[in-house]
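Q: Next up is a structure, given as structure tokens.
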Amino acid sequence: MKEPETKMASLPFELVSPERLVFSGAVSEVIVPGAEGEFGVLAGHAPFIGTLKAGILTIKSEGEPKRYFVRGGFAEVNQAGLTVLAEEAKPVEEIDPAHLRQQIRDAKEDVSDAKGDAERQRAERQLADLEQVAEALERGFKATPAH
Amino acid sequence: MASLKDLKNRIASVKATQKITKAMQMVAAAKLRRAQQAAEAARPYAERMETVLGNLAAGIVGNSQAPVLLAGTGHTQTHLLLVCTGERGLCGAFNSSIVRLARERAQLLLAEGKDVKILCVGRKGADQLRRVYPDHIIDVVDLRAVRNIGFKEANDIASKVLKMLYAGSFDVCTLFYSNFKSVIQQVPTAQQLIPATFPERDTTEAGPVYEYEPTEEEILADLLPRNIAVQIFRALLENQASFYGAQMSAMDNATRNAGEMIKKQTLTYNRTRQAMITKELIEIISGAEAV
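From first to last, the protein sequence lines are chains A and B.
Positions 72 to 218 (the numbering used here) are the ones given, in order, by the first sequence.
Positions 40 to 330 (the numbering used here) are the ones given, in order, by the second sequence.
What follows is the structure, encoded as structure tokens:
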């Protein structure tokens, strides 16, 4: 493993999706979209388990921060580092806007199909999260000039 | 005795068959490598999931508030057998060994007076089970059109199962698939999915004390349904790898058998030809002597 140039302690981080290990390596900080709000994890974080919401996960390391779209799953911090298990995880650049729109449509259906308040609330939250991601992406895409 | 022409035709047909089985073997070998990689890539996720859930579940067992997926419905009357098989044949005993395991379980349960429902994933298993338990099959999931099994397929099956659970149509769910040990060894496996079971762990070795956000119960409620999909996904991938492994060795055997057959037939062919030449020679010589 390469020694980081900064003095900050490095955090071993793994991002795992059911299909493959998406990212593995030492980083300086990871910002995770937790169900109860985003949280940052640095090296030496206390043991912690939290669920994820649909959102953008940011990996900060030397150079440009890497951003990944994650959805569903949980994050676990222990002495060995941070592990994020996400049902869906891919680099922001690889997101297919049509796919995201489809997910938003599905989420809307879920809201209208929901029986009971708890289920409706959950579905609405999911929808809001996805819309937020879509919005963030659009802004991001507009900010960067078209290739 | 068959004529020379017949023998020649027979050899040609076996040769053609051998070419096909050989090609199938090579295709299976190539696909096996990919399926194996996919199965291995999926392992870390399933294992981590299991560890975390095991940790969480240990703290909540015995709690009357425990979710249905962990504690069960409180009955064991209706069993759902989720039988995952391949979509294609020509793979040795792969499909039938999974079906046999499921059939034995079904027999046992029926003998105990339980209700059995069968959900088939894969056409081959459905075909075989339909002969024995035509009334018990409630649905068949066809994955023939799917080239690469992704998490989405597993998720669809899982949501189907969960919907049935919440509708109260079964109490216990068991998953049948073939565990990929090696190319020559695939073990048909039955795994209880609902209520969830976790491997016994050494409790003396205390893990770190975790902080939970949201609460443990909520995390568990969120993760348990996901775990069903993950387990099904893993079963499908293991199945895929097992299928190609079984197909590869079946086709390898077929190729070898065809080779043996060709050897034998060629021997008979040559003998017959030789006998005919000898016979003709004798006829000519005796004809010449007679003159």
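No residue lacks a Cβ here, since even glycine has one placed at the ideal position from N, Cα and C.
Could you tell me whether the Cβ of Met-203(B) comes closer than 8 Å to any Cβ of chain A?
A: Output row for Met-203(B): interface = no.
Q: Can you give me the Cβ contacts of Gly-134(A) inside the same chain, cut-off strictly under 7 Å, excluding the 5 residues immediately before and after it?
A: Counting only Cβ-Cβ distances below 7 Å, and skipping sequence neighbours, we find nothing.
Q: Could you spell out the range, first to last residue, of the alpha helix (DSSP H) harbouring Thr-294(B)?
A: 255-329 is the extent of the alpha helix (DSSP H) around Thr-294(B).
Q: Give a yes or no on whether the minimum CB-CB distance between Glu-244(B) and chain A is below 8 Å.
A: A caution first: Glu-244(B) carries a pLDDT of 49, below 50, which makes its placement in the model too unreliable to give a value.
Q: In chain order, what residues of the same chain have a beta carbon less than 7 Å from the beta carbon of Ile-258(B), not counting five sequence neighbours either side?
A: Same-chain partners within the cutoff: Leu-95, Tyr-251.
Q: What does Asp-195(B) touch in chain A if you count any residue whose Cβ is under 8 Å from its own?
A: Within chain A, no residue comes near Asp-195(B); the closest Cβ sits about 12 Å away, beyond 8 Å.
Q: Considering only C-alpha positions, which residue in the set Ala-117(A), Ala-160(A), Phe-110(A), Ala-106(A) is nearest to Ser-95(A)?
A: For the residues Ala-117(A), Ala-160(A), Phe-110(A), Ala-106(A), the minimum Cα distance to Ser-95(A) belongs to Ala-160(A).
Q: Look at the alpha carbon of Gly-113(B) and the alpha carbon of Ser-183(A), and state the distance between them as a whole number of angstroms.
A: Their backbone Cα atoms lie some 31 Å apart in a straight line.
Q: Along chain A, which residues have their Cβ under 7 Å away from the Cβ of Ala-81(B)?
A: Here the neighbours are Pro-89, Glu-90.
Q: Kindly provide the ranges of any beta strand (DSSP E) runs that are 3 or more residues long and lie completely inside the region 93-172 of chain B, ordered along the chain.
A: Runs of the beta strand (DSSP E) inside the region 93-172 of chain B: 117-123, 154-160.
Q: Checking contacts by CB at 8 Å: is Glu-180(A) closer than that to chain B?
A: Glu-180(A) does not count as touching chain B.
Q: Please report the distance separating the alpha-carbon of Ser-198(B) from that of Ala-268(B).
A: Cα-Cα distance, rounded: 8 Å.
Q: Any chance you could list the beta strand (DSSP E) runs of at least 3 consecutive residues sitting entirely within the region 92-157 of chain A, in chain order?
A: Here the runs fully enclosed are 92-98, 100-105, 108-113, 119-122, 126-131, 137-149.
Q: In chain A, which residues lie less than 7 Å from Asp-261(B) when you measure between Cβ atoms?
A: What Asp-261(B) touches in chain A: Thr-122.
Q: If I measure Cβ to Cβ from Thr-213(B) and keep anything under 8 Å in the same chain, skipping five residues before and after, which residues do I get?
A: His-118, Leu-119, Leu-120, Leu-121, Arg-144, Ala-229, Gln-230, Gln-231, Leu-232.
Q: In three-state DSSP terms, what is Thr-243(B)?
A: Bear in mind that the predicted position of Thr-243(B) carries a pLDDT of just 45, short of 50, making it unreliable; the figure below should be weighed with that in mind. If DSSP states are grouped into helix, strand and coil, Thr-243(B) belongs with coil.
Q: Let me see if you follow: with CB-CB separation under 8 Å, is Gly-187(A) close to chain B or not?
A: Chain B, which has no Cβ nearer than 8 Å to the Cβ of Gly-187(A), makes this no.
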